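Data block below; observations after.
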Amino acid sequence: MPSTPSSAPRLVLTVVATCAIAATGLSFTHAATADRIAEQERRAVRRALAEVLGSSEGAVEVESVDESVLSRIASADPATPVEAVFRMSDLDGEMLGWGIAVAPRGYGGPVRMIVGLDSAGSVTGVKVVSHRETPGLGDKVVESGDHLAGYAGIGSSDAERAVKEVDAVTGATKSSRSVRDGVLAAARGWRAVLSEEQSR
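My numbering applies: residue 3 is where the sequence shown begins, and numbers increase by one.
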């Protein structure tokens, strides 16, 4: 049945109204869940910080460094984004080390990870917080405890050489490189800034 001239504007109006209602609903949903999502992300980072030091979450005090220190650390390796730096201590205030949140570029996007360093600048652990790597290939790198554990014990002073000794995962070269780049960014930040900051 051919449409009448008045049915076309009615159809357009219906589509526009439906889109407006859907957009309003999405906006309200986002506003209602944004705080919960942000809180879950904070908890995931806090768990990762404790994990890279081999501590329980309740046994670690976490303090963010100020923006000027973060900026200096980020400039030590401009190719790899440094998103946050945390000074970690035990409940008695004894310095445990540092947690550096980095986001090196992987195959599918940024690989957000926490690199733990002890007070001497050695890697205590690596934990991936979020990624978009290819299932079955790249995600083997960022979710494999064995691969990530290969970075533990690398000292910041010899990191440039030592990271090359950690085997890349076959078929996931770019994802392997992203983890390596994140560890190197943390090591460079420690050498350039944190090695002096921890004595203050």
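Beta carbons: idealized from backbone N, C-alpha and C, even for Gly.
If you're wondering where the values come from, they're calculated on a predicted model, not measured in any experiment.
Straight across, the Cα-Cα distance linking S121 with E162 is about 19 Å. A distance of 8 Å or more separates the beta carbons of Y153 and V130.
Pairing V104 with P137 gives a Cβ-Cβ distance that is not under 8 Å.
Of the candidates A22, V181, P11, V181 places its Cα closest to the Cα of G118.
As DSSP reads the structure, L119 sits in a beta bridge with W100, V125.
Under the DSSP assignment, E85 falls in the beta strand (DSSP E) whose first and last residues are 84-91. Assigned with DSSP and collapsed to three states, S57 falls in coil, not helix or strand. Per the Cβ contact rule, the segment 84-92 is in contact with the segment 45-65 (3 or more Cβ pairs under 8 Å). Taken through DSSP and simplified to helix, strand or coil, G95 comes out as coil.
The beta carbons of A189 and I75 sit no closer together than 8 Å.
For V64, the enclosing beta strand (DSSP E) covers residues 63-66. Annotation for D79: A187, R190 place their beta carbon closer than 6 Å to its own, counting only its chain and skipping 5 residues before and after. Considering only G140, M115, R44, the residue with the shortest C-alpha distance to K176 is G140. Of the candidates G108, E199, T172, the residue whose Cα lies closest to the Cα of G184 is G108. Taking C-beta atoms as the reference points, S158 and G123 count as a pair closer than 8 Å. Secondary-structure assignment with DSSP links S178 through no beta bridge to anything. If you look at H149, you'll find it in the alpha helix (DSSP H) that goes 147-151. Residue environment: M115 is assigned as buried (16 or more neighbouring CB atoms within 10 Å of its CB, all protein chains considered).
Relative to G127, the option among A24, K166, W100 whose CA is nearest is W100.
A straight line joining the alpha-carbon of S197 with that of I23 spans about 55 Å.
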